[in-house]
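Trainee: Per this note's numbering: the sequence shown ends with 754, consecutive numbering throughout.
All C-beta atoms in this analysis are idealised placements derived from N, C-alpha and C, irrespective of residue type, glycine included.
These figures come from a predicted structure and were not determined experimentally.
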Amino acid sequence: MNENPFLGKPTAEELYRSLLDRMTVIGSFMEEPKKTSVHIVAGRGAFLGVHPRSDSLLLNIVLDHALTSDRFTKVDQVSKSRYHNELKVTVESDMSRTNGRTYARVFPDPVAAETKTSLEGFRPAGRRRGSTAA
Numbered sequence: 621m622n623e624n625p626f627l628g629k630p631t632a633e634e635l636y637r638s639l640l641d642r643m644t645v646i647g648s649f650m651e652e653p654k655k656t657s658v659h660i661v662a663g664r665g666a667f668l669g670v671h672p673r674s675d676s677l678l679l680n681i682v683l684d685h686a687l688t689s690d691r692f693t694k695v696d697q698v699s700k701s702r703y704h705n706e707l708k709v710t711v712e713s714d715m716s717r718t719n720g721r722t723y724a725r726v727f728p729d730p731v732a733a734e735t736k737t738s739l740e741g742f743r744p745a746g747r748r749r750g751s752t753a754a
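Okay, structure coming up:
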């Protein structure tokens, strides 16, 4: 399957490229394209779901805590220590540090020196470890 979820959605694709530029400071991650979305994966699981819309991106940020802001359209606790925080991004400034500390943790600014060294307060949700055979 060679689907492109951004086909015919130039605004969403531009926002996605900006998002990827910001995320390079967190280290290595992989993009897992799906039919209608892209999962951003680091470590043992996806921490960000990107759902392109015609004029925006719908981001599902997976953390071990709920983000409290009126900008988040939906926050669901999906397990004891996993929350899905949904955010609609219509312009690049929606991912800007000027929108508050919450956004700086989720969308690091690639130009800012302090975010190149750490993501203080950014705690991706951990997956439960199953039993492993020796």
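Under 8 Å: do the segment 640 to 654 and the segment 698 to 706 share three or more Cβ pairs, one atom per stretch?
Mentor: Taking 8 Å as the limit for Cβ pairs, the verdict is that the segment 698 to 706 does not touch the segment 640 to 654.
Trainee: Could you work out which residue in Ser674, Asp690, Ala686, Leu679 is closest to Ala632 when comparing CA atoms only?
Mentor: Ranking Ser674, Asp690, Ala686, Leu679 by Cα distance to Ala632 puts Ser674 first.
Trainee: Once the 5 residues before and after Ser657 are set aside, which same chain residues still bring their CB inside 7 Å of it?
Mentor: Cβ within range, chain order: Pro625, Gly669, Val670, His671.
Trainee: Assign Val627 to one of two classes, buried (16 or more other C-beta atoms within 10 Å of its C-beta) or exposed (fewer than that).
Mentor: It should be noted that the sequence gives Leu, not Val, for residue 627. By the neighbour-count rule (16 or more Cβ atoms within 10 Å), Leu627 is not buried but exposed.
Trainee: How should Ala686 be labelled, buried or exposed, when 16 other C-beta atoms within 10 angstroms of its C-beta is the threshold for buried?
Mentor: With fewer than 16 Cβ atoms within 10 Å of its Cβ, Ala686 is classed as exposed.
Trainee: Using a Cβ-Cβ cut-off of 6 Å (strictly less than) and excluding sequence neighbours within five positions of Asn680, which residues of its own chain qualify?
Mentor: Closer than 6 Å at Cβ, skipping near neighbours: Gly669, His704, Glu706.
Trainee: What's the C-alpha gap between Ser676 and Leu635?
Mentor: So the alpha carbons of these two residues sit roughly 7 Å apart.
Trainee: Is the CB-CB distance between Val682 and Ala662 below 8 Å?
Mentor: No, Cβ-Cβ distance for Val682 and Ala662 is not below 8 Å.
Trainee: Whole angstroms are fine: how far does the CA of Met715 sit from the CA of Arg642?
Mentor: Those two C-alpha atoms are separated by around 9 Å.
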